[in-house]
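Worksheet for the structure shown next.
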Amino acid sequence: MNFIINQKIKEKERFFSDKYIKNFSDSKKISIVAVTHLIESSIAYIKTLDKYFLLEFIIPKPNSINKDFINFYPKEKMLSLTREKLNYLDTFLKNLTKITKENKLILIDIGGYFSFIANDIKKVFGDKFIGIIEDTENGYQKYKSRGDFDFPIITVARSPLKNNEDHLVGQSVVFSTEALLREQGIFLNNKKVGVIGFGKIGNGILSSLKDKGCDISVYDKNSTTLITAYSKGYKILNKNKIVKGSDLIFCATGNLAFKGDDFRYLKNGAFIVSVTSSDDELDTRWLEKNYTKEKIASHITKYDHNGHHFYLLNKGNAINFIHGGGAGDFIQLVQKEIIDGVIYMATNKLENKIQETPDAIREKISNLWLKHFL
Numbered sequence: 000m001n002f003i004i005n006q007k008i009k010e011k012e013r014f015f016s017d018k019y020i021k022n023f024s025d026s027k028k029i030s031i032v033a034v035t036h037l038i039e040s041s042i043a044y045i046k047t048l049d050k051y052f053l054l055e056f057i058i059p060k061p062n063s064i065n066k067d068f069i070n071f072y073p074k075e076k077m078l079s080l081t082r083e084k085l086n087y088l089d090t091f092l093k094n095l096t097k098i099t100k101e102n103k104l105i106l107i108d109i110g111g112y113f114s115f116i117a118n119d120i121k122k123v124f125g126d127k128f129i130g131i132i133e134d135t136e137n138g139y140q141k142y143k144s145r146g147d148f149d150f151p152i153i154t155v156a157r158s159p160l161k162n163n164e165d166h167l168v169g170q171s172v173v174f175s176t177e178a179l180l181r182e183q184g185i186f187l188n189n190k191k192v193g194v195i196g197f198g199k200i201g202n203g204i205l206s207s208l209k210d211k212g213c214d215i216s217v218y219d220k221n222s223t224t225l226i227t228a229y230s231k232g233y234k235i236l237n238k239n240k241i242v243k244g245s246d247l248i249f250c251a252t253g254n255l256a257f258k259g260d261d262f263r264y265l266k267n268g269a270f271i272v273s274v275t276s277s278d279d280e281l282d283t284r285w286l287e288k289n290y291t292k293e294k295i296a297s298h299i300t301k302y303d304h305n306g307h308h309f310y311l312l313n314k315g316n317a318i319n320f321i322h323g324g325g326a327g328d329f330i331q332l333v334q335k336e337i338i339d340g341v342i343y344m345a346t347n348k349l350e351n352k353i354q355e356t357p358d359a360i361r362e363k364i365s366n367l368w369l370k371h372f373l
């Protein structure tokens, strides 16, 4: 094992293991099933969940598995379940029959994996099922769109602790994109670049592009957000103009930036980059039916239909995972908020709605992070 990586893991575990979690005497009475990325930055987080709670299973996100770090994770607890498979309740329930009868159950989600079956899980487990903690904005949107739930949901997607992480993710997206394009002799200078989605990650992308000599345009479906982009000096265009005129497009909506015929209007030879899972950002099923594809490099796929062609980077999945994710120690802030959110959910009677952790927990985490990492 790499000595430096092990030292970093231990340091992060020490950060997670504060008095708040150590003083929670009933932690082993909480069973956890967690959707997770199998990357370096999640190792200490999963180890902490396993140490203090009863980590029953982890569900690796298939598009963010780094094989270099897979041995750091408990293989015996891995469930190979895609989001599509989890839409069928029986598939998931078969794996939950061994959960200790006395234990309560909390699900930790990334991207709304449980959104379609959550109320059914509640019907089966009753009071044993406490609730769900969701990490991402696209997951938050999925739960929100599903309507009412019979249990509480905590979201950290819009937590102020996540702002730093998302900004750095945006920068790492540009880094990975530039690295792949440079391998093909392509430089960002003087390229027309479109950014669809002006959220926190979109902001990070734009700040990183500023000094690249690009002609940058921004689109967001929210008019107020577009005004904010304009006030910061960015050129705003409608989506159709960005699609037709850009050499490179960053998709940062988490909510299908490209649907169906959108692909037909792409500039010939354009490159498309996503910041999240392909099924959240791109209508890949339509694409597979209507275009032929050809792998032209390790992370670049060419799509063609009667001479109209464009390129998809990393199969439309989050490009920054190619180079490790790129949020540094800041990702520990949100991971700690999720860990503490488990305790908060287990020790408080929460309303059956989507909510956030209290400011007091976030302030505690911020103070702890400053003492630990600075």
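Each residue of the sequence shown is one higher than the last, beginning at 0 in numbering that gives the first Met the number 0. For each residue, glycine too, the CB sits at the ideal point set by N, CA and C.
May I have the straight-line CA-CA distance separating residue 283 from residue 233, to the nearest angstrom? In the sequence shown, residue 283 corresponds to position 284, counting from 1. In the sequence shown, residue 233 corresponds to position 234, counting from 1. C-alpha separation (whole angstroms): 29 Å.
Starting from the C-beta of residue 191, find all residues in its chain whose C-beta is less than 7 Å away, skip the five residues before and the five after it, and write them out in chain order. For the purposes of this step, residue 191 is identified with residue 192 of the sequence shown, where counting begins at 1. Excluding residues within five positions, the ones whose Cβ falls inside 7 Å are 214, 244, 245 and 246.
Cα separation between residue 329 and residue 306? Locating residue 329 in the sequence shown gives position 330, where the first residue counts as 1. Locating residue 306 in the sequence shown gives position 307, where the first residue counts as 1. Distance between the alpha carbons of residue 329 and residue 306: 45 Å.
Return yes when the Cβ of residue 35 is within less than 8 Å of the Cβ of residue 7, no when it is not. Within the sequence shown, numbered from 1, the residue matching residue 7 stands at position 8. Within the sequence shown, numbered from 1, the residue matching residue 35 stands at position 36. No.
Taking the alpha carbon of residue 346 as the reference point, which residue from 103, 68 and 135 has its own alpha carbon closest? Counting from 1 along the sequence shown, the entry for residue 346 is found at position 347. For residue 346, the nearest C-alpha among the options comes from 103.
Can you give the Cα-Cα distance for residue 208 and residue 188, rounded to whole angstroms? Numbered from its first residue, the sequence shown carries residue 208 at position 209. Numbered from its first residue, the sequence shown carries residue 188 at position 189. Rounded to the nearest angstrom, the two C-alpha atoms are 10 Å apart.
So, helix, strand or coil for residue 112, using DSSP? Numbered from 1 along the sequence shown, position 113 holds the residue referred to as residue 112. Three-state DSSP puts residue 112 in coil, outside helix and strand.
Judging by CA-CA distance, which residue of 114, 75 and 96 is the nearest neighbour of residue 86? In the sequence shown, counting from the first residue as 1, residue 86 sits at position 87. Ranking the options by Cα distance to residue 86, first place goes to 114.
Under a three-way DSSP split, which group does residue 62 fall into? Residue numbering aside, residue 62 sits at position 63 when the sequence shown is read from its first letter. Looking at residue 62 - three-state DSSP - the assignment turns out to be strand.
CB-CB under 7 Å to residue 375, same chain, minus the five flanking residues each way: which ones, in chain order? A question about residue 375 goes unanswered here, because the residues of the chain that appear run from 0 up to 373.
Measure the CB-CB distance between residue 196 and residue 251 and report whether it falls below 8 Å. As a working mapping, residue 196 is identified with position 197 in the sequence shown. As a working mapping, residue 251 is identified with position 252 in the sequence shown. Yes.
Comparing alpha-carbon positions, which option in 327, 367 and 315 lies nearest residue 339? Against the sequence shown, residue 339 aligns to sequence position 340. The residue with the shortest Cα to Cα distance from residue 339 is 367.
May I have the straight-line CA-CA distance separating residue 165 from residue 133, to the nearest angstrom? Here residue 165 corresponds to residue number 166 of the sequence shown, with the count starting at 1. Here residue 133 corresponds to residue number 134 of the sequence shown, with the count starting at 1. Taking the straight line from one Cα to the other gives about 15 Å.
Per DSSP, residue 30 forms a beta bridge with which residues? Looking up residue 30 in the sequence shown gives position 31. DSSP, once it has assigned bridges, lists 53 and 104 as partnering residue 30.
Just confirm the distance between the C-beta atoms of residue 389 and residue 139, as a whole number of angstroms; I'd bet it's less than 8 Å. Coverage of the chain is limited to positions 0 through 373, which leaves residue 389 absent and any answer about it impossible.
On a Cα-Cα basis, can you pick out the residue from 186, 300, 218 and 212 that is closest to residue 201? Reading the sequence shown from its first residue, position 202 is the one you call residue 201. When each option's Cα is compared against that of residue 201, the closest is 218.
Of the listed residues 40, 168, 50 and 272, nearest to residue 249 (C-alpha basis): Mapped onto the sequence shown, residue 249 falls at position 250. 272 is the residue among 40, 168, 50 and 272 whose C-alpha sits nearest the C-alpha of residue 249.
On the criterion of 16 or more Cβ atoms from any shown chain inside 10 Å, does residue 13 qualify as buried, or is it exposed? Counted from its first residue, the sequence shown places residue 13 at position 14. Exposed, because fewer than 16 other Cβ atoms sit within 10 Å of the Cβ of residue 13.
My output table needs one value for residue 217: the three-state DSSP class, helix, strand or coil. Within the sequence shown, the letter at position 218 stands for residue 217. Looking at residue 217 - three-state DSSP - the assignment turns out to be strand.
According to the neighbour-count rule (16 or more other Cβ atoms, all chains shown, within 10 Å of its Cβ), is residue 100 buried or exposed? Against the sequence shown, residue 100 aligns to sequence position 101. Classification of residue 100: exposed, given that the 10 Å Cβ count is below 16.
Residue 193 lies in the beta strand (DSSP E); which residues open and close that run? Here residue 193 is taken as the residue at index 194 of the sequence shown, counted from 1. Per DSSP, residue 193 belongs to the beta strand (DSSP E) from 191-195.
Residue from 18, 182, 225 and 206 whose Cα sits closest to the Cα of residue 170: Taking the sequence shown and counting its residues from 1, the one referred to as residue 170 is at position 171. When each option's Cα is compared against that of residue 170, the closest is 206.
Looking at C-alpha atoms only, which residue of 172, 152 and 211 is the closest neighbour of residue 352? Position 353 of the sequence shown holds residue 352. Checked all of 172, 152 and 211; the closest Cα to residue 352 is 152.
Can you check which of these residues, 97, 274 and 239, is closest to residue 137 by C-alpha distance? Reading the sequence shown from its first residue, position 138 is the one you call residue 137. Comparing Cα-Cα distances from residue 137 to each of 97, 274 and 239, the minimum goes to 274.
Using only CA atoms, which one of 178, 332 and 309 lies nearest to residue 44? By one-based count along the sequence shown, residue 44 stands at place 45. Here the closest residue by C-alpha is 332.
Would you report the Cα separation of residue 167 and residue 327, rounded to the nearest angstrom? One-based indexing of the sequence shown puts residue 167 at position 168. One-based indexing of the sequence shown puts residue 327 at position 328. A straight line joining the alpha-carbon of residue 167 with that of residue 327 spans about 8 Å.
Go ahead and pull the three-state DSSP assignment for residue 72. To locate residue 72, count along the sequence shown from 1; it is residue 73. Coil at residue 72, not helix or strand.
Option nearest residue 50 by Cα separation, candidates 83, 65, 66 and 30: Walking along the sequence shown from the start, residue 50 turns up at place 51. The residue with the shortest Cα to Cα distance from residue 50 is 30.
Residue span of the beta strand (DSSP E) that contains residue 171, given as start and end: Taking the first residue of the sequence shown as position 1, residue 171 is located at position 172. Looking at the DSSP string, residue 171 is not in any beta strand (DSSP E); the run it does join, the alpha helix (DSSP H), is 160-182.
Terminal residues of the beta strand (DSSP E) in which residue 314 lies: For the purposes of this step, residue 314 is taken as residue 315 along the sequence shown, with counting starting at 1. Here residue 314 belongs to no beta strand (DSSP E), and DSSP marks it neither H nor E.
Please classify residue 9 as buried or exposed, where buried requires at least 16 other C-beta atoms within 10 Å of its C-beta. The residue labelled residue 9 in the question sits at position 10 within the sequence shown. When all chains shown are included, residue 9 counts as exposed.
Inter-residue spacing [alpha-carbon to alpha-carbon] between residue 74 and residue 349: To locate residue 74, count along the sequence shown from 1; it is residue 75. To locate residue 349, count along the sequence shown from 1; it is residue 350. Answer to the nearest angstrom: the Cα atoms are 33 Å apart.
At a cut-off of 7 Å, is residue 6 close to the ligand SAH when judged by its beta-carbon and the heavy atoms of the ligand? Ligands in the displayed structure: none, and consequently the ligand SAH is not present.
Whose C-alpha, out of 119, 185, 370 and 342, is nearest the C-alpha of residue 360? Along the sequence shown, read from residue 1 onward, the residue named residue 360 stands at position 361. If we check each option's Cα against that of residue 360, 342 comes out closest.
My output table needs one value for residue 296: the three-state DSSP class, helix, strand or coil. Start at 1 with the first residue of the sequence shown, and residue 296 comes out as number 297. In the three-state scheme derived from DSSP, where H, G and I count as helix and E and B as strand, residue 296 is classed as strand.
In angstroms, rounded to a whole number, what distance separates the CA positions of residue 265 and residue 57? Numbered from its first residue, the sequence shown carries residue 265 at position 266. Numbered from its first residue, the sequence shown carries residue 57 at position 58. Roughly 38 Å separates the two Cα atoms.
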